[in-house]
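These notes are about the structure you will find just below.
Numbering (our numbering), first residue to last: 2 to 378.
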């Protein structure tokens, strides 16, 4: 059920309190993962507040409040710490995918936000193009079940997850299939956490499967599973852009405050033309995001992912945000590159977000592919 604006503002206030109470004081420490412990307490609090389930059906413990409500909450959380916002995005998307693929028994088991929220994290291939998953893992039928072998790289939340969503190629039919595996299954190996450019509070690791046996109930979806998987990922592109907007908002606030306080030649640098130009570019990108986010969420919920609009929305906004976040560093001059100020982290996080759900190059090619297919239809 979609919320009215007043109810949505109440959810946003909840997200602000979470960001202030659970994240604001630990942002720099959490950016040190894996050299510092992962912040389980933050996830537990977010799950107890229902933040990952804002757009999920009530049948799996969600509150069914719409994609825009989730997107706005993620934007607020990302202003405080983008890595934790990406954990929430991963959990929302992974659970939505399990619900979309089914069967109902699997959805009830793995998608539901339970009271033991600290122990219910799912890993998901967040950095893979959802329409081009490849054959890194292969599955062969073995009696009533399957045997899986292969490797997947850079799965979001894998080092801290209790189960993982695995795309695999069925060798006997060439179909793309999907499985959900507890990470303690025999034959499942998780690498050491990967040190990333940004979003370090959202851990990544590689997955290796060696002769992993899966019961038939561990398979999600049927012959049309690949299409359902891609549609679900497509619908969450606006939520991803919302995280990037949160990063830019934090970068802009820091740059603007610094420019108003910092003096050069006895003048506040905010009065300098070049600084004004950089701040204006950041502000106009934020305004563009605010104007288009609601429309993109509406389009996603109406099943508008079959065209190029949502792909283009992610591509244009994330590219702009990555570009102007470097201006946020430049406004601070040499201080912009120092960890103590936090501005360099915003630039790193923005760049990392640009590669979620496929590389920029892949997205651009996909946009043209779809346009060509339309023209030839």
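All C-beta atoms in this analysis are idealised placements derived from N, C-alpha and C, irrespective of residue type, glycine included.
Cβ-based neighbour list, residue i, same chain, cut-off 7 Å, excluding 5 preceding and 5 following
i, result
"residue 163", "120, 121, 122, 183, 184"
"residue 356", "128"
"residue 18", "none"
"residue 209", "152, 190"
"residue 27", "40"
Buried versus exposed call for residue i [16 or more other C-beta atoms within 10 Å across all chains shown]
i, result
"residue 219", "buried"
"residue 359", "buried"
"residue 264", "exposed"
"residue 337", "buried"
"residue 96", "buried"
"residue 118", "Per-residue confidence for residue 118 stands at a pLDDT of 49, beneath the threshold of 50, marking its modelled position as unreliable; the derived number appears in the next sentence. Residue 118 is buried by the Cβ-count criterion."
"residue 173", "exposed"
"residue 40", "buried"
"residue 33", "exposed"
"residue 92", "buried"
"residue 196", "exposed"
"residue 375", "exposed"
"residue 275", "exposed"
"residue 223", "exposed"
"residue 187", "exposed"
"residue 373", "exposed"
"residue 107", "buried"
"residue 22", "exposed"
Cα-Cα separation between residue i and residue j, rounded to whole angstroms
i, j, result
"residue 86", "residue 105", "28 Å"
"residue 159", "residue 124", "5 Å"
"residue 344", "residue 303", "37 Å"
"residue 45", "residue 15", "15 Å"
"residue 77", "residue 233", "23 Å"
"residue 316", "residue 367", "11 Å"
"residue 272", "residue 257", "11 Å"
"residue 6", "residue 225", "36 Å"
"residue 259", "residue 333", "7 Å"
"residue 50", "residue 13", "12 Å"
"residue 295", "residue 35", "35 Å"
"residue 48", "residue 214", "31 Å"
"residue 277", "residue 111", "49 Å"
"residue 150", "residue 98", "22 Å"
"residue 352", "residue 201", "12 Å"
"residue 341", "residue 192", "30 Å"
"residue 58", "residue 65", "5 Å"
"residue 103", "residue 324", "39 Å"
"residue 320", "residue 194", "27 Å"
"residue 11", "residue 25", "20 Å"
"residue 138", "residue 8", "44 Å"
"residue 361", "residue 266", "41 Å"
"residue 1", "residue 60", "Nothing about residue 1 can be reported from this structure: the residues present for the chain run from 2 to 378 only."
Under 9 Å between C-beta atoms of residue i and residue j
i, j, result
"residue 166", "residue 221", "yes"
"residue 230", "residue 101", "yes"
"residue 56", "residue 71", "yes"
"residue 238", "residue 153", "no"
"residue 180", "residue 140", "yes"
"residue 1", "residue 314", "Any question about residue 1 goes unanswered here, given that the chain covers just 2 to 378."
"residue 380", "residue 363", "No information on residue 380 is available, as it lies outside the stretch 2 to 378 that the chain covers here."
"residue 386", "residue 42", "Outside the displayed span of the chain (2 to 378) sits residue 386, for which this structure offers no information."
"residue 354", "residue 199", "yes"
"residue 145", "residue 236", "no"
"residue 88", "residue 261", "no"
"residue 113", "residue 67", "no"
"residue 371", "residue 309", "yes"
"residue 350", "residue 283", "no"
"residue 240", "residue 94", "yes"
"residue 20", "residue 250", "no"
"residue 299", "residue 69", "yes"
CB-CB length for residue i against residue j, believed under 8 Å
i, j, result
"residue 245", "residue 177", "Not quite, the Cβ-Cβ distance comes to about 28 Å (not below 8 Å), so this is no contact."
"residue 326", "residue 248", "7 Å"
"residue 286", "residue 322", "6 Å"
"residue 168", "residue 134", "4 Å"
"residue 290", "residue 255", "Rounded, the Cβ-Cβ distance is 18 Å, inconsistent with contact."
Sequence-distant residues of the same chain with beta carbon closer than 8 Å to residue i, five excluded per side
i, result
"residue 37", "30, 31"
"residue 331", "279, 337"
"residue 253", "280, 283, 284, 287, 329"
"residue 143", "214"
"residue 53", "47, 89, 92, 93, 96, 114"
Close-in-space but distant-in-sequence residues of the same chain around residue i (CB under 6 Å, 5 per side omitted)
i, result
"residue 156", "124, 126, 208"
"residue 132", "231"
"residue 270", "260, 263, 276"
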